[in-house]
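**Student:** Below you'll find the structure I mean.
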Amino acid sequence: MNTDHLFRSSPLFGLLAGISALTAVTTGVGSTLPVAAATAPVPITSYRSASCGCCKGWIQHMRDNGFQVRDVVIADSDSVKRRLGVPSQLASCHSAQVAGYVLEGHVPAADVKRLLRSRPSVVGLAVPGMVLGSPGMESAKATESYSVLAFSSTGRTSVFSRHFP
Numbered sequence: 278m279n280t281d282h283l284f285r286s287s288p289l290f291g292l293l294a295g296i297s298a299l300t301a302v303t304t305g306v307g308s309t310l311p312v313a314a315a316t317a318p319v320p321i322t323s324y325r326s327a328s329c330g331c332c333k334g335w336i337q338h339m340r341d342n343g344f345q346v347r348d349v350v351i352a353d354s355d356s357v358k359r360r361l362g363v364p365s366q367l368a369s370c371h372s373a374q375v376a377g378y379v380l381e382g383h384v385p386a387a388d389v390k391r392l393l394r395s396r397p398s399v400v401g402l403a404v405p406g407m408v409l410g411s412p413g414m415e416s417a418k419a420t421e422s423y424s425v426l427a428f429s430s431t432g433r434t435s436v437f438s439r440h441f442p
């Protein structure tokens, strides 16, 4: 008489199977179970003035999309922009740094993720000004089309992506 099914349904079988799987995962031996790689949230440092509500909205957008944002309140945003190499014509209300890149303004999380996947040879991405409908600048009354610009150390820009209402 085959009693294998009785053993497999017992709590002891579950415990032994778990120990076996854990051993296989930690030693890499004999495992046929897929192991999901743990990915840590990508850290971003954001620089903003204390009074800016749309900057807080952008920070929340980034957090909602899996980024770990360090929110740094500053008194002089122009000096931060100069230090980070943001061309004055691309300026917005806040600046950020992520994985060696600069983010200026309301850059969508999807574009930041694409930037980090493709790793182009640019200083960073910018959404100049305060574009209605960009992350942190949502409005029920109006939404504008806008472009996310990639910029180089010489200030040269190219369109990285376009967003339409």
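Numbering (my numbering), first residue to last: 278 to 442.
Built from N, CA and C at the ideal position, the CB exists for glycine as well.
Bear in mind the structure is a predicted one, so any value in this text is a computation, not a measurement.
(1) Grab the span of the beta strand (DSSP E) containing GLY382 for me, first residue to last.
(2) Please report the residue range of the alpha helix (DSSP H) in which ALA327 lies.
(3) For VAL350, which residues from the same chain have a beta carbon less than 6 Å from its beta carbon, with the 5 sequence-adjacent residues on both sides left out?
(4) Cα separation between THR316 and ASN342?
(5) Does the beta-carbon of ALA387 have 16 or more other beta-carbons within 10 angstroms, so that it is buried, or is it exposed?
(6) Might you give, ordered along the chain, the residues of its own chain that have their beta carbon closer than 7 Å to the beta carbon of PRO397, omitting 5 neighbours on each side?
(7) How should VAL436 be labelled, buried or exposed, when 16 other C-beta atoms within 10 angstroms of its C-beta is the threshold for buried?
(8) Taking its Cβ as the centre, do 16 or more other Cβ atoms sit within 10 Å of ALA376, making it buried, or is it exposed?
(9) On a CA-only basis, which of GLY362, HIS371 and TYR378 is nearest GLY330? Give me that one, please.
(10) So is PRO405 buried or exposed if we call it buried at 16+ other beta carbons inside 10 Å?
**Tutor:** Answer, in terms of the structure:
(1) 378-382
(2) ALA327 -> no alpha helix (DSSP H), and no H or E assigned at all.
(3) ALA327
(4) 13 Å
(5) exposed
(6) ALA427
(7) exposed
(8) exposed
(9) HIS371
(10) buried
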